[in-house]
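Q: Be aware that the sequence shown starts at 986, since it is given in this note's numbering, and climbs by one per residue.
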Amino acid sequence: MPSPAESPLAGWAACGGMALTGRADGPPLASPGDPAGAVRRALAAFAADTGTAPERLPDHRLLGERAASAGFGRRAPRSVGGAFRILSCKDGPVGVSLARPTDVELVPALIEDGDGGDPWAAVTGWAAGQVAADAVGRAQLLGIPACSVPATPGGAEDEQAVHRARQVTAVGGPRRANGLPPLVVDLSALWAGPLCAHLLGLTGARVVKVESPDRPDGARSGPPAFYDLLHTGHASVSLDLTSPRGRDALLRLVERADVVLESSRSRALRRMGVLAEEAVDRGTVWTSITAYGRSGPWSERVGFGDDVAAAAGLVVRDPATGEPLPCGDALADPLTGVAAAAATAAALREGHGRLIDLAMRDVAVSAATAPGPEPHTVRRCPDGTWRVETEHTRFPVRAPRARSPQGPAPALGADNAAFTGDDA
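Structure (structure tokens):
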């Protein structure tokens, strides 16, 4: 039997994820599968491939760092961040994220009604009269993140899963040797991609974050300490990608890169002439992070960490009602960020270009379907904390904790002159 430090349940209780799962007035709940173990294993592989001492890297507690930075706790039926809920349709549950102002603005179009009232009340009432697949299809057509929530972790195989099972990964040209640490051009945003860039930066990689001046990374408006944590020591370049000058500067950066991280749907970059396949042929490791994959029938679907985790069946059940509830904080994001770092490090070690197509749902499915927690009870202690008891041991449910940033993140465009020759 695994020791408590190794078991899925003990890892979940220790990482802060369990404290973030469940209703505020109820006990913390165990996740399906082994999210904490997935992070530990990916970080171990990353450390081995980069020759980095494990103590220089974070551990599975990174699953709770965003919530800790923001001061969030569990608040089911809402997600920890408040922007995601699981709703009931006529034939099963669906997950919906209203994370952006544009998502809320689209609610009247989604439900073909609307009186300017509570958007969640409106969407909940609308969903109750819909078939789940139709509700998800309509939301995705409008660009609102939505998913069907399977009854079991992983769920049944769907058309996108079939497509991805048939994919073959091609190896590109040899990596250019210049004696310098890898140059990572980070085109990603929010959590998964920046976490990957952060981990690569901890091993000595040079990281350049590229943003648009009119649409910077939305995480800049989140908890400042968390943004600083993931971006300390990185360079910041701001490019107007609607202009030929900005697109040319982006192309030059990509041509210099040893690694490109991006989280865009593939056609967005193609329209600007940025082709992953050409970069891979030059020896670049191109790590793509999307909700459901770069190709296939769901390649244009949008998704965030909470709804994609729900799409993977990485949800918990209310002990009283059996209804599905969100699990942890946007789990598909940190799970994918660590997986992306491990895959990127392995490709760099191999010395050839590679297109790494990481679907957040696939990563979440892997964590959700791993062997999960043993039978247990959760008890409240006299001091108000919680502990887990199994047949063989007991251990506390730890609150989420965040590392302290080692300095401030760069201001938007602070390094334009160094990387583009442009001060603005």
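Note that the Cβ used here is the ideal one computed from N, Cα and C, for glycine as well.
What does the alpha-carbon distance come out to for the pair Glu1142 and Ala1396?
A: As a first step, residue 1142 must be located in the sequence shown, where it is residue number 157. As a first step, residue 1396 must be located in the sequence shown, where it is residue number 411. Looking at the two C-alpha atoms, the distance is approximately 44 Å.
Q: Helix, strand or coil, according to DSSP, for Arg1339 in the structure here?
A: Position 354 of the sequence shown, counted from the start, is the residue given in the question as residue 1339. Reduced to three states, the DSSP call for Arg1339 is strand.
Q: Is Val1169 near Leu1246, with beta carbons less than 8 Å apart?
A: Here residue 1169 is taken as the residue at index 184 of the sequence shown, counted from 1. Here residue 1246 is taken as the residue at index 261 of the sequence shown, counted from 1. Going by C-beta atoms, Val1169 is nearer than 8 Å to Leu1246.
Q: Can Gly1140 and Gly1298 be called in contact, C-beta distance under 8 Å?
A: Position 155 of the sequence shown holds residue 1140. Position 313 of the sequence shown holds residue 1298. Contact: yes.
Q: Are Pro993 and Gly1022 close, meaning C-beta to C-beta below 8 Å?
A: Here residue 993 refers to the residue found at position 8 when the sequence shown is read from its first residue. Here residue 1022 refers to the residue found at position 37 when the sequence shown is read from its first residue. It is a contact, given that the beta carbons lie within the stated cut-off.
Q: Candidates Ser1133, Glu1097, Ile1129: which alpha carbon is nearest Ala1118's?
A: Walking along the sequence shown from the start, residue 1118 turns up at place 133. For Ala1118, the nearest C-alpha among the options comes from Ser1133.
Q: Excluding five sequence neighbours on each side, which residues of the same chain lie with their C-beta closer than 8 Å to the C-beta of Arg1255?
A: One-based indexing of the sequence shown puts residue 1255 at position 270. Hits under 8 Å: none found.
Q: On the DSSP letters alone, give me the boundaries of the alpha helix (DSSP H) that Ser1251 sits inside.
A: The residue given as residue 1251 occupies position 266 in the sequence shown. Note, Ser1251: alpha helix (DSSP H), 1251-1255.
Q: Any chance the segment 1028-1040 sits against the segment 1330-1346, with 3 or more Cβ pairs inside 8 Å?
A: Yes: at least three Cβ pairs fall under 8 Å.
Q: Going by DSSP, what residue range makes up the beta strand (DSSP E) through Cys1074?
A: One-based indexing of the sequence shown puts residue 1074 at position 89. Its beta strand (DSSP E) spans residues 1069-1074.
Q: Which residues does DSSP pair with Ala1220 in a beta bridge?
A: The residue you call residue 1220 lines up with position 235 of the sequence shown. According to DSSP, which records beta bridges pairwise, Ala1220 is partnered with Val1193.
Q: So who's on the other strand from Leu1310, going by DSSP bridges?
A: For the purposes of this step, residue 1310 is taken as the residue at position 325 of the sequence shown. Bridge partners of Leu1310: Val1301.
Q: Quick one: residues in its chain with C-beta nearer than 6 Å to the C-beta of Pro1039, no 5 flanking neighbours on either side, listed in chain order?
A: As a first step, residue 1039 must be located in the sequence shown, where it is residue number 54. Ala1032, listed in sequence order.
Q: Check whether the Cβ atoms of Gly1066 and Asp1233 lie closer than 8 Å to each other.
A: Translated into the one-based positions of the sequence shown, residue 1066 becomes position 81. Translated into the one-based positions of the sequence shown, residue 1233 becomes position 248. No. Outside cutoff.
Q: Assuming contact is defined by CB atoms lying nearer than 8 Å, are Gly1056 and Cys1181 in contact in what I supplied?
A: Numbered from its first residue, the sequence shown carries residue 1056 at position 71. Numbered from its first residue, the sequence shown carries residue 1181 at position 196. The answer is no: Cβ separation not under 8 Å.
Q: Using a Cβ-Cβ distance cut-off of 8 Å, determine whether Ile1096 contacts chain B.
A: Absent from the structure: chain B. Only one protein chain is present.
Q: Can you give me the C-alpha to C-alpha distance between Ala1190 and Thr1370, rounded to a whole angstrom?
A: Counted from its first residue, the sequence shown places residue 1190 at position 205. Counted from its first residue, the sequence shown places residue 1370 at position 385. So the alpha carbons of these two residues sit roughly 40 Å apart.
Q: Exposed or buried, Leu1316, counting other C-beta atoms within 10 Å across all chains shown (16 or more means buried)?
A: Position 331 of the sequence shown, counted from the first residue, corresponds to residue 1316. So Leu1316 ends up on the buried side.
Q: Using the rule of at least 16 other Cβ atoms within 10 Å of the residue's Cβ for burial, across every protein chain shown, is Lys1194 buried or exposed?
A: Position 209 of the sequence shown holds residue 1194. By the 10 Å Cβ count, Lys1194 comes out buried.
Q: For Arg1008, report the span of its beta strand (DSSP E) as first-last.
A: Here residue 1008 refers to the residue found at position 23 of the sequence shown. No beta strand (DSSP E) contains Arg1008, which DSSP labels as neither H nor E.
Q: On the DSSP letters alone, give me the boundaries of the alpha helix (DSSP H) that Phe930 sits inside.
A: Nothing about residue 930 can be read from this structure; the chain reaches only from 986 to 1409.
Q: Evaluate contact between the segment 1203-1212 and the segment 1333-1353, counting only Cβ atoms and requiring at least three cross-stretch pairs below 8 Å.
A: No: fewer than three Cβ pairs fall under 8 Å.
Q: Would you mind working out which of Val1079, Val1121, Leu1127 sits nearest Ala1094, comparing C-alpha positions?
A: The residue labelled residue 1094 in the question sits at position 109 within the sequence shown. The option with the nearest alpha carbon to Ala1094 is Leu1127.
Q: Provide the residue(s) that pair with Val1287 in DSSP beta bridges, ordered along the chain.
A: On the sequence shown, residue 1287 is found 302 positions in, with the first residue counted as 1. According to DSSP, Val1287 bridges with nothing at all.
Q: What whole-angstrom Cβ distance do Phe1069 and Pro1319 have, given they're in contact under 8 Å?
A: Walking along the sequence shown from the start, residue 1069 turns up at place 84. Walking along the sequence shown from the start, residue 1319 turns up at place 334. That belief does not hold up - the Cβ atoms of Phe1069 and Pro1319 are roughly 15 Å apart, past 8 Å.
Q: Roughly how far, in whole angstroms, is the beta-carbon of Ala1112 from the beta-carbon of Ser1073, given that I think they are within contact range, below 8 Å?
A: Indexing the sequence shown from 1 puts residue 1112 at position 127. Indexing the sequence shown from 1 puts residue 1073 at position 88. The Cβ separation is near 7 Å, so the contact holds.
Q: Are the CB atoms of Arg1059 and Pro1013 within a distance shorter than 8 Å?
A: For the purposes of this step, residue 1013 is taken as the residue at position 28 of the sequence shown. For the purposes of this step, residue 1059 is taken as the residue at position 74 of the sequence shown. Taking 8 Å as the Cβ cut-off, Pro1013 and Arg1059 qualify as a contacting pair.
Q: Using the three-state DSSP reduction, which class does Phe1057 fall into: helix, strand or coil?
A: Position 72 of the sequence shown, counted from the first residue, corresponds to residue 1057. Phe1057 falls in the coil class under three-state DSSP.
Q: In terms of alpha-carbon separation, which member of Gly1218, Ala1052, Ala1296, Gly1203 lies closest to Val1121?
A: For the purposes of this step, residue 1121 is identified with residue 136 of the sequence shown, where counting begins at 1. Ranking Gly1218, Ala1052, Ala1296, Gly1203 by Cα distance to Val1121 puts Ala1296 first.
Q: With contact counted as at least three CB pairs below 8 Å, one residue from each stretch, are the segment 1156-1173 and the segment 1258-1270 in contact?
A: Because the criterion of three Cβ pairs below 8 Å is met, the segment 1156-1173 and the segment 1258-1270 touch.
Q: Taking the straight line between their C-alpha atoms, what separation do you get for Ala1124 and Leu1005?
A: As a working note, residue 1124 is residue 139 in the sequence shown. As a working note, residue 1005 is residue 20 in the sequence shown. Using only the alpha carbons, I get a separation of about 27 Å.
Q: Return the residue from the list Arg1041, Gln1115, Pro1043 that minimises the CA-CA distance to Asp1076.
A: The count along the sequence shown starts at 1 and reaches residue 1076 at position 91. Cα-wise, what sits closest to Asp1076 is Gln1115.
Q: Rounding to the nearest angstrom, what Cα-Cα distance links Leu1224 and Val1300 in this structure?
A: Walking along the sequence shown from the start, residue 1224 turns up at place 239. Walking along the sequence shown from the start, residue 1300 turns up at place 315. So the alpha carbons of these two residues sit roughly 39 Å apart.
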